[in-house]
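Below: the structure, in structure tokens.
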Amino acid sequence: MSLYGEYDPQNIFAQIIRGDAPCYKLYEDDDVLAFLDLFPQSRGHTLVIPKKAQARNLLEIDADSLSKMILTVQKLTRVLVDELQPDGVQVAQFNGAPAGQTVFHIHMHIIPRYAGEGLGIHAASKAEAAELEALQARIVARLNG
Ligand code: 5GP
17 MSLYGEYDPQ NIFAQIIRGD APCYKLYEDD DVLAFLDLFP QSRGHTLVIP KKAQARNLLE
77 IDADSLSKMI LTVQKLTRVL VDELQPDGVQ VAQFNGAPAG QTVFHIHMHI IPRYAGEGLG
137 IHAASKAEAA ELEALQARIV ARLNG
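For the sequence shown, our numbering gives the first residue as 17, with consecutive numbering after it.
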């Protein structure tokens, strides 16, 4: 599966949206869900996904879902920066396997970057549950504070 193909409703993010799979949720409204990446490339690596669009990538998503997703990316980026005080933030979105996409429900990455710390390998090593829980608590508290 790559740039073109059928949307698979069994992909892991569709399961998370339905509540069939767990996530460390940071924010949710009717249109968008944000949660911590399970295999983070940095401390606070966050994913933002549209809930209503059955789109695999940027080529397929409708304008309304796209707008809501990027506005949530900005909102979460501000919160992550306030709480974690990184030295930079990378925002990324991959389309098709050759571009690095591994989950075929469109999503955006927010990757806080810390001076002197290299970027972890993409989708490679699973974070400790306790670490993700602690981060989730901090970020949700900041979001609601
Ligand atoms: P992509 O490679 O498609 O741009 O990004 C998919 C992201 O989803 C990767 O960063 C990977 O670490 C993350 N990921 C894969 N499976 C899961 C999961 O079950 N839960 C969460 N929270 N993230 C996942």
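Even for Gly, the Cβ is constructed at its ideal location relative to N, Cα and C.
Practice prompt. For Lys-67, name the three-state secondary structure that DSSP assigns.
Written response: coil
Item to complete: Go ahead and label Tyr-40 buried or exposed: buried means 16 or more other beta carbons lie within 10 angstroms of its beta carbon, across all protein chains shown.
Response: buried
Fill in: Three-state secondary structure assigned by DSSP to Pro-38
coil
Worksheet item: Quick one: what's Val-48 bridged to in DSSP?
Response: Pro-66
Worksheet item: At what residues does the alpha helix (DSSP H) containing Ala-113 begin and finish?
Response: Taken as a continuous stretch (DSSP letters only), Ala-113 belongs to no alpha helix (DSSP H), as it is neither H nor E.
Practice prompt. Leaving out five residues on either side along the sequence, give the residues of the same chain with a beta carbon under 8 Å from the beta carbon of Gly-112.
Written response: The beta carbon of Gly-112 lies closer than 8 Å to those of Ser-18, Leu-19, Asn-73 in the same chain, with the five residues before and after it left out.
Item to complete: Can you tell me which of the three DSSP states Ile-28 falls into?
Response: helix
Worksheet entry | Cβ neighbour criterion (16 or more within 10 Å) applied to Lys-84 | buried
Practice prompt. Taking all protein chains shown into account, decide if Gln-117 is buried (16 or more other Cβ within 10 angstroms of its Cβ) or exposed.
Written response: buried
Fill in: Straight-line gap, Ile-65 to Ala-71 (C-alpha atoms, nearest Å)
10 Å
Discussion item. Under 7 Å: does the beta carbon of Ala-139 sit that close to some heavy atom of the ligand 5GP?
Written reply: yes
Worksheet entry | Ile-16 (DSSP reduced to helix, strand or coil) | With the chain running from 17 to 161 in the structure shown, residue 16 is simply not present.
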